[in-house]
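J.: Residue numbers (this note's numbering): 532 to 810.
Ideal Cβ placement from N, Cα and C applies to all residues, glycine included.
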């Protein structure tokens, strides 16, 4: 709406500063020519935005890693660790057999997502002042019965704590709406159908023709946020020895949305920080 247009302008400015120079401002009429069912006073068109098959991406990355002699160890939990003799020593447990074994490494990337702060906190010898407080922000998604009348992803202006209830299309063209922001202290991925009532109000801000009863629970995810309710959104935190003083250790904290989109760039950055003489 008109009150949100200054925020839209700031997004355009920030995008240009970050190198995303292909965004195009649209008037309401221009937006409706592209998406006739879309309501709004202004919009930004991002022609390079699209979707990927995240599972296929993970398998492709795993294949690349294994070609470079990496090994994937499933059902293995890091119980604790310590900084010792210039190395990071990890005490791990096989979740199936209960067998424990140690791994000593000169380089360790803590990319444990929801468990990243707990893992860093379990490292004996690591200064705990560098472990931020983590909050769980659950994001629920709902799908729509039938096909939505949109051919592009639709993102409303961001709201505090998240990106708002946006519309995404999967590879089969099925529309899903979400995520909302549900602060929680439990890892519970069930979607409460009652939360769908708020979705109708949010979605109708840009798709007023959404029919009653057309939404159904789809799935949820939990974001590892470094900011809480009422606080300004926190950025990713990538810590290396220049921050915490432990050579070879890189902590990735608060890697939530758009973590998947940023994953390859984050990997490049981490590799640079782990390179000899990076600090």
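Locate the alpha helix (DSSP H) running through residue 774, then write down its first and last residues.
T.: One-based indexing of the chain shown puts residue 774 at position 243. Looking at the DSSP string, the run of the alpha helix (DSSP H) that includes residue 774 is 772-775.
J.: On the DSSP bridge list, what partners appear for residue 790?
T.: Counting from one through the chain shown, the residue named residue 790 turns up at place 259. DSSP, once it has assigned bridges, lists no residue as partnering residue 790.
J.: Relative to the C-alpha of residue 754, which candidate in 565, 791, 782 has its C-alpha closest?
T.: Locating residue 754 in the chain shown gives position 223, counting from the first residue. Selected option, being the one with the closest Cα: 791.
J.: Considering only the beta carbon of each residue, do residue 582 and residue 700 sit closer than 9 Å?
T.: Within the chain shown, residue 582 is the residue found at index 51, counting from 1. Within the chain shown, residue 700 is the residue found at index 169, counting from 1. Against a cut-off of 9 Å, the Cβ pair of residue 700 and residue 582 comes out as a contact.
J.: Counting only runs of 4+ residues fully inside the region 552-627, write out the alpha helix (DSSP H) ranges in chain order.
T.: For the region 552-627, whole alpha helix (DSSP H) runs of length 4 or above, ordered along the chain, are 559-565, 585-598.
J.: From residue 654 to residue 612, what does the alpha carbon distance come to, in whole angstroms?
T.: Here residue 654 corresponds to residue number 123 of the chain shown, with the count starting at 1. Here residue 612 corresponds to residue number 81 of the chain shown, with the count starting at 1. Roughly 5 Å separates the two Cα atoms.
J.: Given that a residue counts as buried once 16 or more other Cβ atoms are within 10 Å of its Cβ, and exposed if not, what is residue 666?
T.: As a first step, residue 666 is located in the chain shown; it is residue number 135 there, counting from the start. Label assigned to residue 666: buried.
J.: Which ranges would you report for the alpha helix (DSSP H) in the region 637-722 if only whole runs of at least 4 residues count?
T.: Counting whole runs of 4 or more residues, the region 637-722 contains the alpha helix (DSSP H) stretches 647-652.
J.: What span of residues does the beta strand (DSSP E) with residue 754 cover, start to end?
T.: As a working mapping, residue 754 is identified with position 223 in the chain shown. Residue 754 -> beta strand (DSSP E) spans 746-756.
J.: Going along the chain, which residues of its own chain have a beta-carbon closer than 6 Å to the beta-carbon of residue 750, five neighbours each way excluded?
T.: Numbered from 1 along the chain shown, position 219 holds the residue referred to as residue 750. So the qualifying residues of the chain are 672.
J.: Using the Cα positions of residue 563 and residue 570, report the straight-line distance between them to the nearest angstrom.
T.: Translated into positions along the chain shown, residue 563 becomes position 32. Translated into positions along the chain shown, residue 570 becomes position 39. C-alpha separation (whole angstroms): 7 Å.
J.: Indicate the three-state DSSP secondary structure (helix, strand or coil) for residue 782 in the structure shown.
T.: Numbered from 1 along the chain shown, position 251 holds the residue referred to as residue 782. Note: residue 782 maps to strand in three-state DSSP.
J.: Would residue 648 and residue 784 qualify as a contact pair, given that the criterion is a beta-carbon distance under 9 Å?
T.: Looking up residue 648 in the chain shown gives position 117. Looking up residue 784 in the chain shown gives position 253. The answer is yes: Cβ separation under 9 Å.
J.: Spatial neighbours of residue 584 within its chain, please: CB distance less than 7 Å, with the 5 preceding and 5 following residues excluded, ordered by chain position.
T.: Sequence index remark: in the chain shown, residue 584 carries index 53 (1-based). The answer, listed in chain order, is 702.
J.: Given residue 579, which residues of its chain have a CB within under 7 Å of its CB, disregarding the five upstream and five downstream residues?
T.: Within the chain shown, numbered from 1, the residue matching residue 579 stands at position 48. These residues qualify, in order along the chain: 553.
J.: Whose C-alpha, out of 685, 752, 706, is nearest the C-alpha of residue 717?
T.: For the purposes of this step, residue 717 is taken as residue 186 along the chain shown, with counting starting at 1. The shortest C-alpha separation from residue 717 is found at 752.
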